[in-house]
Amino acid sequence: MRITTKAIDLTDLDFYVMEEVDPAVLEPAKAYGTDDIQLVDGQPVYRLPALYVKDEGRTSKAITVKFRQKPAEKIPELTKIRLTGTVVITPWLNGKRIAYSLLADGMEIVK
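3 is the number of the first residue of the sequence shown in my numbering; add one for each residue after it.
Given below as structure tokens:
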């Protein structure tokens, strides 16, 4: 099951980049459990390294986020970002807990 929504509907989630991200060297994400590039609709997706997610004030390790587009500019470490565009949410089982994979069109720095 997948849920499609707009990024603006996910205001309870806060996203922080913990390490500097340089789009010039950001590689496409790998498919789960393989060394193959993950493709969505025939296009690669990107995962920001060390993305920290807070859900209503609590740290969440059950949410992963990937993006259809690389960031347009370098993102400094310890920077808050927000998702943009359409977001596809896919719930899945991670051991005995429910986890969520988010695929957003893009992201922008919160100023």
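From the three backbone atoms N, C-alpha and C, an ideal C-beta is built for every residue, glycine too. Since the structure is predicted, the reported quantities are computational estimates derived from the model, not experimental observations.
State the Cα-Cα distance for the pair K76 and L28, rounded to the nearest angstrom.
Roughly 10 Å between the two C-alpha positions.
Is A9 helix, strand or coil by DSSP?
A9: helix per DSSP, three-state reduction.
When burial is assigned at 16 or more other CB atoms within 10 Å of the CB, is A74 buried or exposed?
So A74 counts as exposed.
Using the C-alpha atoms, what's the distance from K98 back to K72?
About 32 Å.
Across which residues does DSSP place E110 in a beta bridge pair?
According to DSSP, E110 bridges with R84.
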